[in-house]
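Asks: Under numbering that gives the first Met the number 0, the first sequence has 172 at position 173, and the numbering climbs by one with no breaks.
Ideal Cβ positions, reconstructed from N, Cα and C, are used throughout, including at glycine.
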Amino acid sequence: MTLIEIQEILREVVRTTAKNEFGVELKQVAAETPPKTELGDIAFPVAFELAKLIKQATGEKKNPREIAEVLRSKLSAAQMVGRVEVAGAGYLNVFFDRPTFLSANAAAEPLPNEFRSSQPDAIKVCVEHTSVNPNKSAHIGHVRNSVLGDTFQRILKATGKRVEIQNYIDNTGVQVADVVVGFIYLENKDLAAIKDLDAQLKAVGKTFDYYCWDLYTKVGVEYQMSEELKLKRAEVLHLIEEGGNPTAELADFVATRNVECILDTMARLSIQYDLLPRESEILHLHFWDRAFEQMKSLGVIHYETEGKQAGCWVMPFEEHAGNDENETDKILVRSNGTVTYTGKDIAYQMWKLGILGLDFNYRPFHKYKDGHEVWITTSDSNASVHPAFGGGETIYNVIDSRQSYPQDIVRKGVAAISPERGEKASIHLSYEMVALSPAAAEELGFAMSDEDRKRPFIEMSGRKGLGVKADDLIDRLEANALAEVESRHADSSEEVKNGIAHQLAVGALRYFLLKFTRNTVIVFDFKEALSFEGETGCFCQYSAVRANSIFRKLDEKGETVDQCRERIAENAATLELFATDAGSDIWSMAILASRLEEAIEQAAKQNEPAILAKYTFTLAKAFNLFYHNHKILIEPDEVKRAVLVVVADMARRSLTSALATMGIEVPEKM
RNA sequence: GCUCCCGUAGCUCAGUUGGAUAGAGCAACAGCCUUCUAAGCUGUGGGUCGCACGUUCAAGUCGUGCCGGGGGUACCA
0 MTLIEIQEIL
10 REVVRTTAKN
20 EFGVELKQVA
30 AETPPKTELG
40 DIAFPVAFEL
50 AKLIKQATGE
60 KKNPREIAEV
70 LRSKLSAAQM
80 VGRVEVAGAG
90 YLNVFFDRPT
100 FLSANAAAEP
110 LPNEFRSSQP
120 DAIKVCVEHT
130 SVNPNKSAHI
140 GHVRNSVLGD
150 TFQRILKATG
160 KRVEIQNYID
170 NTGVQVADVV
180 VGFIYLENKD
190 LAAIKDLDAQ
200 LKAVGKTFDY
210 YCWDLYTKVG
220 VEYQMSEELK
230 LKRAEVLHLI
240 EEGGNPTAEL
250 ADFVATRNVE
260 CILDTMARLS
270 IQYDLLPRES
280 EILHLHFWDR
290 AFEQMKSLGV
300 IHYETEGKQA
310 GCWVMPFEEH
320 AGNDENETDK
330 ILVRSNGTVT
340 YTGKDIAYQM
350 WKLGILGLDF
360 NYRPFHKYKD
370 GHEVWITTSD
380 SNASVHPAFG
390 GGETIYNVID
400 SRQSYPQDIV
410 RKGVAAISPE
420 RGEKASIHLS
430 YEMVALSPAA
440 AEELGFAMSD
450 EDRKRPFIEM
460 SGRKGLGVKA
470 DDLIDRLEAN
480 ALAEVESRHA
490 DSSEEVKNGI
500 AHQLAVGALR
510 YFLLKFTRNT
520 VIVFDFKEAL
530 SFEGETGCFC
540 QYSAVRANSI
550 FRKLDEKGET
560 VDQCRERIAE
570 NAATLELFAT
580 DAGSDIWSMA
590 ILASRLEEAI
600 EQAAKQNEPA
610 ILAKYTFTLA
620 KAFNLFYHNH
630 KILIEPDEVK
640 RAVLVVVADM
650 ARRSLTSALA
660 TMGIEVPEKM
């Protein structure tokens, strides 16, 4: 029985008692974790609320402690409950029957390294993340998006959902056009020359996306000096959108190569996708036209004949509720007939929810090392067999908070077309940006003015080439980790050492980006991001590695966890053990390890992966202390050793599983 | 102007949706490797939770008003 199941049983007891004894209906029964283990395993501050409700219903004034006493006797009889205390002004503190909980609960579910498998008929949801413009390499800000999205996706799977992961490719936007302008007009390259360049870059171990990063910056500078070049941009953009011409073909190569590079970068961090929906298909398969027709016939949008927005199709949007002066119309179709991003996104989101009435064509794009295949949309003929994509019950869009205004419009637009699904079907998983400290920007070689230096942070900018590139940071992390591994395990093979260094680098970066809550601006600091000490992924991994090495030795001795569990069940002496101070800290380790499911559910409910990160760190820290205080292998008391083994096993299972849910592996050794 | 977010220890951040004595990491200082891995552990110092009212058994958390910082408010995305 899991902790959550016990909690649910106890809630029900509280509910029925409130009804039968006091005639009060409780809608929700709040359960909380007491601040200290000595205060119990689950607490119900419900007596305060009941006192108020009873007074409202009957006029009778009851003391919360009096009410708590009634609940106490009922709760004491419940399954798995050892005893219940009334504390403070009326807290109900429930203490579990520890030996029973340990011997029954620790059943070795295959949690570590795999998620709870979702059934084929489970609810399907879509998570869109990454969505980097395919015209340059990814920087650390993009990685925050991807790590958040990927971790959230893992969390959803852990709660039993079926998840489809999409990475939207804006292959026909101005950003791609800018790099294409650079290739054609600054470097006089045609498609053949670019392919040649790509091959040359590969030969010297450089990547196409890095080259584009620099070129993109260069184009930005040139625009400032040449109006003529700016005109070229419009021309190129038009050709790309139209398709079926050499410029579009060139752009397609550039965008696709960048997508490949970005996928490689993300794969280094254990981030994979199921589908890459492309903007070119939204256009060429007339997704927008379909959405446009629906919006017109429903009267959601109208054609503006006068004023600033004359000639545009607009959607009314109340920017600020209750202030009709500020009502504005959002343009979906420009006066030149082209569709804005917001318009295209409405069509895309409708497809994601399965309410557009059109589908993409698909072809396989890339096969990951583990065999997983990522598909891409195409305007060409469909692959004969392809998975069913789209049609999610809920869609999660991982997009930074600077875009919450357009996201709001998209959501309202979709809801206007499909009121039965409504706004709740589409969730904007927003997060604050990753910025640079002025010092970090200078470290990257950017000249800072005095004014810049006074700023709390400097926004990264792909256009200016200002940012920490993801691959550079991962490289640095791997190099640092390798040096540490080298100093500890010099005799291991290069392959093993590199593998461990890689796992540590991934752990460090993913944890670093997950420990902040979504609405905290991360001011990037090299020292902090490169650290392997303190609150880091490495710390959590180290804790799990130490735990595993205990079980390796235990295995050599031929002692199993199941034997230990039986020994606990057979020995009432364990009760006495837990009454001592030494026992109390063992128990708090056990109960903390049991809270993983709760942490994952909370993270899913609040759309906040940081909750899981904090739990994982707390668990790792607790285990390090436990490890320090108890020498498990040499513990002479058989029963105590059994308890220590079972508790350590619970801890390593939760720890491994928590890390896996964050996309972090536990190394063999470190 | 309007709107959203942030303000908690020297620094960077948590704070279980209103609960028990406000917690971590970093930095500083003092200790701990003959013991399952010291990427670890222990201890010390460090707080007017931006300010002021209010709501109630209870406020870092909710409301109102200020102060300070940032984002958004495009026929960009």
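Compare the beta carbon distance of residue 163 and residue 274 with 8 Å and say whether it is the shorter of the two.
Replies: In this structure, residue 163 lies near residue 274, with their beta-carbon atoms less than 8 Å apart.
Asks: For residue 529, which of helix, strand or coil comes out of DSSP?
Replies: coil
Asks: Which word fits residue 243, buried or exposed, when buried means at least 16 other C-beta atoms lie within 10 angstroms of its C-beta?
Replies: Exposed is the call here.
Asks: In the stretch 343–376, which residue ranges form an unbroken beta strand (DSSP E) of at least 3 residues, counting only runs that do not cross its ends?
Replies: 360–366
Asks: Starting from residue 64, follow its DSSP beta bridges and name the residues at the other end.
Replies: DSSP output for residue 64 lists no bridge partner at all.
Asks: Just verifying my parser: in three-state terms, what is the DSSP assignment at residue 498?
Replies: helix
Asks: Let me confirm a value: residue 650 is counted as buried when at least 16 other C-beta atoms fall within 10 Å, else exposed. Which label applies?
Replies: buried
Asks: Excluding the five sequence neighbours on either side, which residues of its own chain have a C-beta within less than 7 Å of the C-beta of residue 323, listed in chain order?
Replies: Bear in mind that the predicted position of residue 323 carries a pLDDT of just 38, short of 50, making it unreliable; the figure below should be weighed with that in mind. Contacts found: none.
Asks: Would you list the residues sitting across from residue 395 in a DSSP beta bridge?
Replies: 126, 426
Asks: For residue 421, is the classification buried or exposed, using 16 other Cβ atoms within 10 angstroms of its Cβ as the cut-off for buried?
Replies: exposed
Asks: Is the number of C-beta pairs between the stretch 124–143 and the stretch 376–394 that are closer than 8 Å three or more?
Replies: yes
Asks: According to DSSP, which residues form a beta bridge with residue 328?
Replies: Answer by DSSP bridge pairing, in chain order: 315.
Asks: Assign residue 22 to one of two classes, buried (16 or more other C-beta atoms within 10 Å of its C-beta) or exposed (fewer than that).
Replies: Result: exposed.
Asks: Along the chain, which unbroken stretches of the beta strand (DSSP E) at least 3 residues long are found entirely within the stretch 1–60?
Replies: 41–43
Asks: With 16 other CB atoms within 10 Å as the buried threshold, where does residue 269 fall?
Replies: Per the 10 Å Cβ criterion, buried.
Asks: Could you check where the beta strand (DSSP E) with residue 83 kicks off and where it finishes?
Replies: Note, residue 83: beta strand (DSSP E), 80–86.
Asks: Check whether the Cβ atoms of residue 30 and residue 47 sit closer than 8 Å, and answer yes or no.
Replies: No, Cβ-Cβ distance for residue 30 and residue 47 is not below 8 Å.
Asks: Does the distance from the C-beta atom of residue 597 to that of residue 3 stay below 8 Å?
Replies: One thing to note: residue 597 has its Cβ within 8 Å of the Cβ of residue 3.
Asks: Per DSSP, which one or two residues make a beta bridge with residue 460?
Replies: DSSP, once it has assigned bridges, lists 465 as partnering residue 460.
Asks: Starting from the N-terminal side, write out each stretch of the alpha helix (DSSP H) that is 4 residues or longer and does not extend beyond the stretch 575–633.
Replies: Counting only runs of at least 4 residues, the stretch 575–633 fully encloses the following alpha helix (DSSP H) elements, listed from N- to C-terminal order: 580–592, 595–604, 609–628.
Asks: Since residue 530 and residue 36 are thought to touch, with beta carbons under 8 Å apart, how far apart are those beta carbons, to the nearest angstrom?
Replies: That pair is no contact at about 30 Å.
Asks: Just how far apart, CA to CA, sit residue 257 and residue 212?
Replies: 10 Å
Asks: Exposed or buried, which one is residue 615 when buried takes at least 16 other CB atoms within 10 Å?
Replies: buried
Asks: Tell me the DSSP secondary structure of residue 654 in three-state form.
Replies: helix
Asks: Would you decide whether residue 143 is buried or exposed? Buried here means 16 or more other CB atoms lie within 10 Å of its CB.
Replies: Classification for residue 143: buried.
Asks: Hey, residue 507 and residue 537 are a contact pair by Cβ (cut 8 Å); roughly how many whole angstroms apart?
Replies: Rounded, the Cβ-Cβ distance is 6 Å, consistent with contact.
Asks: Pick from 565, 395, 296, 196: whose alpha carbon is nearest that of residue 160?
Replies: 395
Asks: What residues in its chain sit with their C-beta under 7 Å from that of residue 11, if we drop five residues either side in the sequence?
Replies: none
Asks: List the DSSP bridge partners of residue 223.
Replies: DSSP lists no partner for residue 223.
Asks: Roughly how many whole angstroms lie between the Cα atoms of residue 431 and residue 456?
Replies: 13 Å
Asks: Tell me whether the beta-carbon of residue 181 lies closer than 8 Å to the beta-carbon of residue 217.
Replies: yes
Asks: Go through its chain and collect everything with a Cβ distance to residue 310's Cβ below 6 Å, but skip five positions before and after it.
Replies: Taken in chain order, the residues that qualify are 334.
Asks: Please report the straight-line C-alpha distance between residue 511 and residue 477, rounded to a whole angstrom.
Replies: For residue 511 and residue 477, the distance between alpha carbons rounds to 15 Å.
Asks: Pick out whichever of 92, 78, 56, 148 has its Cα sitting closest to the Cα of residue 513.
Replies: Comparing C-alpha distances from residue 513 to each of 92, 78, 56, 148 shows the shortest one belongs to 148.
Asks: Is the separation between the beta-carbon of residue 567 and that of residue 467 shorter than 8 Å?
Replies: no
Asks: Which residues mark the beginning and the end of the beta strand (DSSP E) in which residue 446 is found?
Replies: Looking at the DSSP string, residue 446 is not in any beta strand (DSSP E), and its letter there is neither H nor E.
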